[in-house]
Each structure stands twice: as structure tokens, then as C-alpha cells.
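In what follows, a structure is listed as C-alpha cells, so that the remarks can point back to it.
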Amino acid sequence: MQSHCSRDFAQESSSRTFYMDTVSTCFVEETYRVSGKEEEEEEEEEKEEEEDDSQTKESAFRTQQRQSFRVSSTDKEVYNYTGREICIEEALHSYAGMIWPEALALSHYLDTHREQLNLVDKEVLAIGAGTGLVSVVAAFLGAAVTATDLPDVLSNLRANTMRNTRGRCRHLPKVEVLSWGYDLERTHPTSVHRYDYVLAADVVYHHDFLDELLATMKHFCQPGTTVIWSNKVRMESDLTFTENFQKAFHTSLLAEDGDMKIFMATSRERDRTGWINKTSAVV
1 MQSHCSRDFA QESSSRTFYM DTVSTCFVEE TYRVSGKEEE EEEEEEKEEE EDDSQTKESA
61 FRTQQRQSFR VSSTDKEVYN YTGREICIEE ALHSYAGMIW PEALALSHYL DTHREQLNLV
121 DKEVLAIGAG TGLVSVVAAF LGAAVTATDL PDVLSNLRAN TMRNTRGRCR HLPKVEVLSW
181 GYDLERTHPT SVHRYDYVLA ADVVYHHDFL DELLATMKHF CQPGTTVIWS NKVRMESDLT
241 FTENFQKAFH TSLLAEDGDM KIFMATSRER DRTGWINKTS AVV
């Protein structure tokens, strides 16, 4: 997850907590209003019970898209994908250092569609890799992963990736710097950097680099490459990017839950033999 942004961090963190924990605040407030002043103590007890109960209920997103569980309340979160525990340390001072719903949705999708996708020995590029959760899941599924992000993100990304995969997967992931932009043919020529899959989660949000992001996706999505991108619509700019994304690629919607969507995309170009990405009809 590229860390360029200008949005208020506290506000977004608050919405993240609400989305992931789905506390039923409206119901709690309604209960509070119908209680009389003379029943204040009883009302407070009921309110606490309702809040505790609401925190144990899984939302549709967590039930259908996320077959992981959190067993730690510290800045180190432990999830379960591919039948293995994955320990992710969050850097709570930055967007890129936090786990967002898009990464959980994509991790779950990869895990539950392993036979269709067949990542074993596939070259996989993770752009805006952030905490590295999606990269670790892909590595556990047999992929040769290159996890990329901006320089100030790499330390935590590398630590999480190495901690979880060293000696535990078929290919040890690589962690590299990648800044989105238009000069990638010079820095990352497609003759050398070719991938079967490009994975992206939570890369579209309020920042000024959406054009560069799309250019980066187009650069790496060569004939024979499949892009899998998970996104939660938050702002008008998200919708605009999605429209441009669909114009740039052959796209299909793999899964959705409300404003959370997972897209698959392939290049509109053919290679020299006229062959189009063979995975486009598999999923």
C-alpha cells in the first residue's frame, strides 16, 4: 500500500475500526433513548451487554470473505490462512503499516480459490504490499512472490514477510522498492519483469497518484498476466479509478460484499502469437 495520502488519519482509523468490528451503535443508541432516567443503572448494564454481544457477531464480510481470526489485541495480529498462522506486526503510525479489509478479502479469496488460480511456481508481483499479509498468503500457496512498496514501508514489510515465510514455503519472497509511475520500462523493463499475477489490495484511496497507479498496473499486466485487485469504495475518486481500470483492461468481478469488490483483469493486447491470458476464463 503506497503511503502517499492527505486524509485525516484518525478519521480513517475510526472508520476502519467500525468496518472491521461492526459494532451496532445505532441499535445501542435506540436502546438508550427508550430507557427512563429512573432506570439509569439498569439501562447502563443493558447497554454494556449489547455492546459486548455486538462485538462477537461477525458481519457478512467477515463470514463470507474472511476465514481468518484475530487472536491478539496488540500491534501484532495473528491470522489463519492456508491452514497456517500468520503473524503480522502493524506500524500504526502509517496507512501502509496497517491491515485493511481489502487485504483480508483478497487473502481469503486466494486461499479459497487455490485450485482455480493455481499459484504454485507462478511469478507473482504484489504492488503496494503494505504489511505483507497478501504476499505471505500467496507464498504459502506456492507462488514466487515479489512484494513491493515505497522505501519507508520496506522495513516492516520485509520483517513480516521473512518472519512468516522463512523455511515455511516453496519460494522465499523477495521484497523490493517500487514507486508507481510512467518510467517503469526503464527501471523495470518488461523483458525482465514478467509476472503471471499482479496482486493489489487497498491501493486506491485519497491520494494524488491514481494515474501513476493505473500506469503501473498497465505496465506489469502484459499478455499472459492476470491482475487481481480488491477495493472498497470510499470516495468519488475510487469510482473514477474503477471506471478507468475497466476501460484499460478486460475485467470481471470475482466477488463482492457491499462496497467491497474483487476484480480480475487481463491485458487488452495480444502477444505475438495472438494468445490471450489463459487464466481469464478459469476463475
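Okay, so the sequence shown: first residue is 1 according to full-length UniProt numbering, each after it adds one.
We put the beta carbon where it would ideally sit given N, CA and C, even for glycine.
Buried or exposed by the 16-neighbour rule on C-beta atoms within 10 Å, applied to residue i
i, result
"E185", "exposed"
"G97", "buried"
"M260", "buried"
"K232", "buried"
"Y195", "buried"
"M217", "buried"
"V198", "buried"
"D75", "exposed"
"H93", "exposed"
"M235", "exposed"
"P173", "buried"
"L104", "buried"
"residue 287", "Nothing can be reported for residue 287, as the shown portion of the chain is limited to 1 through 283."
"E77", "buried"
"G258", "exposed"
"L253", "exposed"
"T240", "exposed"
"E269", "exposed"
"G128", "buried"
"D211", "exposed"
"V192", "exposed"
"D111", "buried"
"T226", "buried"
"N187", "Sequence inspection shows Thr at residue 187; the Asn mentioned does not correspond to that position. Exposed, because fewer than 16 other Cβ atoms sit within 10 Å of the Cβ of T187."
"V71", "The predicted model places V71 with a pLDDT of 38, which falls under 50 and marks its position as unreliable, so this point remains unresolved."
"G83", "exposed"
"M264", "buried"
Beta-ladder partner(s) of residue i, from DSSP
i, result
"K232", "M260"
"K76", "E89"
"S267", "F249"
"A144", "E123"
"D149", "V177"
"R84", "Y81"
Beta-carbon proximity check, residue i vs residue j, cutoff 8 angstroms
i, j, result
"V137", "Y81", "yes"
"I262", "L157", "no"
"W180", "L213", "yes"
"H219", "T190", "yes"
"S230", "E102", "yes"
"D149", "L178", "yes"
"Y79", "I86", "yes"
"A144", "S135", "no"
"T165", "V175", "no"
"F245", "C221", "no"
"D238", "G130", "no"
"Y109", "A200", "no"
"I99", "E90", "yes"
Short CB-CB distance (under 8 angstroms) between residue i and chain D
i, result
"I88", "You won't find chain D in this structure, because it holds only one protein chain."
Any non-hydrogen atom of the ligand NAD closer than 7 angstroms to residue i Cβ
i, result
"A255", "Of ligands this structure carries none, so the ligand NAD is not represented either."
Quick one: which unbroken beta strand (DSSP E) runs of 3-plus residues sit fully inside the stretch 195–255? Chain order, please. Whole beta strand (DSSP E) segments, 3+ residues: 197–201 and 226–232.
Is it a yes or a no for the stretch 159–172 touching the stretch 130–148, going by three-plus beta-carbon pairs under 8 angstroms? The stretch 159–172 makes contact with the stretch 130–148; the number of CB pairs closer than 8 angstroms reaches 3 or more.
Which full runs of the alpha helix (DSSP H) of 4+ residues lie inside the stretch 162–192, going along the chain? For the stretch 162–192, the continuous alpha helix (DSSP H) assignments of 4+ residues that do not extend past its boundaries occur at 184–187, in sequence order.
Would you mind listing the alpha helix (DSSP H) stretches within the stretch 90–114 that are 4+ residues and don't spill past its ends, in chain order? Taking only runs of at least 4 residues, the alpha helix (DSSP H) segments lying wholly in the stretch 90–114 are 101–112.
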